[in-house]
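Colleague: Below are the structure tokens for one structure; questions will follow.
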Amino acid sequence: MSTVEPGTFGIRDSSDTVALRVMAPGMIPTQRGPETEAAPAPAPKPGRDRYLDLLRALALVRVVVYHNFGWTWLPILFPSMGVMFALAGSLMARSLKRPALSVIRGRLRRLLPPMWLFGAVVVPLMLLAGWGPRYDGHPGWWWGELAYWVLPLSEPPFGASLHTFGGHLPSSWAEQICVPLWYLRAYLWYVLLSPLMLKAIRRQPWVTLLVPLALAFVINSGLVDQSGRLMQAATDFTTFGACWLLGMAHQEGLLRRIPQYVVPSVAPLVLMFGCWWLLRSPVDNPRLGHDLEAVPVAQAIWSFGAVLLLLHLSPSWEQWPKPLERFNGVISLLNSRAVTVYLWHAFALVLTEPLIDPLWSNAFFYDHAQWLLSSHWTPLVIAVPLICLAILLFGWIEDVAAKRRPRLFPYPRRAKGRRRGR
1 MSTVEPGTFG IRDSSDTVAL RVMAPGMIPT QRGPETEAAP APAPKPGRDR YLDLLRALAL
61 VRVVVYHNFG WTWLPILFPS MGVMFALAGS LMARSLKRPA LSVIRGRLRR LLPPMWLFGA
121 VVVPLMLLAG WGPRYDGHPG WWWGELAYWV LPLSEPPFGA SLHTFGGHLP SSWAEQICVP
181 LWYLRAYLWY VLLSPLMLKA IRRQPWVTLL VPLALAFVIN SGLVDQSGRL MQAATDFTTF
241 GACWLLGMAH QEGLLRRIPQ YVVPSVAPLV LMFGCWWLLR SPVDNPRLGH DLEAVPVAQA
301 IWSFGAVLLL LHLSPSWEQW PKPLERFNGV ISLLNSRAVT VYLWHAFALV LTEPLIDPLW
361 SNAFFYDHAQ WLLSSHWTPL VIAVPLICLA ILLFGWIEDV AAKRRPRLFP YPRRAKGRRR
421 GR
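See the structure below:
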């Protein structure tokens, strides 16, 4: 999941214009005093791009809603993962103006401590629930795979079916909680390969953009064995690699060189192709219908087309448009705690089950509010304050990782005397 960093979006260099005068022989140039010498005005420091902040916040909200309801149309409406990888690719390209090794080290510093804190809570819980060296029948491999909880070059291991703590949790609770970890694995590989990807996109932009899509077709053609950790990482890389590269191309200004009419003309065709590929794919669960996230090629194509359109629009707001000013607090909070929200939202959703189940034994709720207990909205309503609690308990690690002053709840305060919406 992509990390959030304040900074500038596109700095323009300015140079002074020097006028040369040809002086007659014997003329002595008049020196200009400090009061008359025109000093170059300092370039204003660009602020955050609020449009990108809005996209990141929408992506996080969509992920939480999708994992709660399982609505298969949500990834089509807004392909969150493609958007998050594109925004991360844009930030990575901007940072690579510095030495690549220091940039990679900084990205790892931002990514790994939140994951380590997450593992410090989840791994002991799994051990208490019966997870251990003999869980999968390969004790030696188990101890070695624990290293992925330190550096997620592959997906960290977890117990697919564990004890339920007295029946209060489903047996798959660990698997549900660890769902977000695939994003950290994919993000890590993108970061490590970004210096090479940036060089490639500067030399051959369109060829480089299409390479991940071509590899997605090859890997999912049925000719390649997709089992094993290496192929899991390769599948994620090819599914969202084009989106990461689009973010890089956007930051480099390559997309602005395309005539304005090209993207609105081509992107809908790409989306139609992705939709066609999805509809022609077999359905795993007829009750749910076609699920974009279960068809990697269709997801790669659809995400590419949608991200291409979103980055083409890219109004680059330094200030919020008035209709969006009221949401500044929530959007800023989500951007400041993006990794925390992404890592802990599944944990919050799992915890709603033991909080709701006892209410079925309450006579009042059983007689008058069964509709409330069985509603899919109830877990979401309960999960939101639990996510806020996770921000309070664990979000500060993002500030420490970014070398900022730790804050418990970084909700921006409104200036005194300023009314909402003004």
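Residue numbers for the sequence shown, in our numbering: 1 to 422.
In this text, a Cβ means the ideal position worked out from N, Cα and C, and glycines have one as well.
In this text the structure is predicted, and so the values were computed from the model without any measurement.
(1) Just confirm the distance between the C-beta atoms of L278 and A298, as a whole number of angstroms; I'd bet it's less than 8 angstroms.
(2) Can you name the start and end residues of the alpha helix (DSSP H) that S227 belongs to?
(3) Once you ignore the five residues that flank Y51 on each side, which residues in its own chain have a CB closer than 7 angstroms to its CB?
(4) Would you kindly check if the distance between the Cβ of W244 and the Cβ of A147 is under 8 angstroms?
(5) Is the distance from the Cβ of P212 to the Cβ of A249 below 8 angstroms?
(6) Which runs of the alpha helix (DSSP H) at least 4 residues long sit entirely within the segment 176-264? Give them in chain order.
(7) Is F347 helix, strand or coil when you go by DSSP?
(8) Assign F158 to one of two classes, buried (16 or more other C-beta atoms within 10 Å of its C-beta) or exposed (fewer than that).
(9) Beta-carbon of Q299 versus every beta-carbon of chain D: anything under 8 angstroms?
(10) From Q370 to R56, what distance separates their C-alpha atoms?
(11) For the pair the segment 78-98 and the segment 366-381, tell me if three or more CB-CB distances fall below 8 angstroms.
(12) Can you check which of these residues, V341, L343, F78, I301, is closest to L209 by C-alpha distance?
(13) Below 6 angstroms CB to CB, which residues in the same chain sit around T72 once its five sequence neighbours on both sides are set aside?
(14) For S172, name the three-state secondary structure that DSSP assigns.
(15) Flag this pair as yes or no: are the beta carbons of G305 and P412 separated by less than 8 angstroms?
(16) Could you tell me how far apart the beta carbons of H345 and H67 are, in whole angstroms, since I believe they sit closer than 8 angstroms?
(17) If you pair each beta-carbon of the segment 188-195 with each one of the segment 211-231, do three or more pairs fall below 8 angstroms?
(18) What would DSSP say about D357, mapped onto helix, strand or coil?
(19) Assess, as a yes-or-no matter, whether the segment 336-350 is touched by the segment 379-392 under the definition of 3 or more beta carbon pairs within less than 8 angstroms.
(20) Measure from the alpha carbon of E145 to the alpha carbon of each residue in V283, L58, R229, L309, then state which is nearest.
(21) CB-CB under 7 angstroms to P354, same chain, minus the five flanking residues each way: which ones, in chain order?
Modeller: If we stick to the structure as given:
(1) 4 angstroms
(2) That residue, S227, is in no alpha helix (DSSP H); it is neither H nor E in DSSP.
(3) S314, P315, S316, W317
(4) no
(5) no
(6) 181-203, 205-219, 229-252
(7) helix
(8) buried
(9) The question asks about chain D, but that chain is absent: this structure has only one protein chain.
(10) 36 angstroms
(11) no
(12) I301
(13) L288, G289, D291
(14) coil
(15) no
(16) 7 angstroms
(17) no
(18) helix
(19) yes
(20) R229
(21) H168, L169
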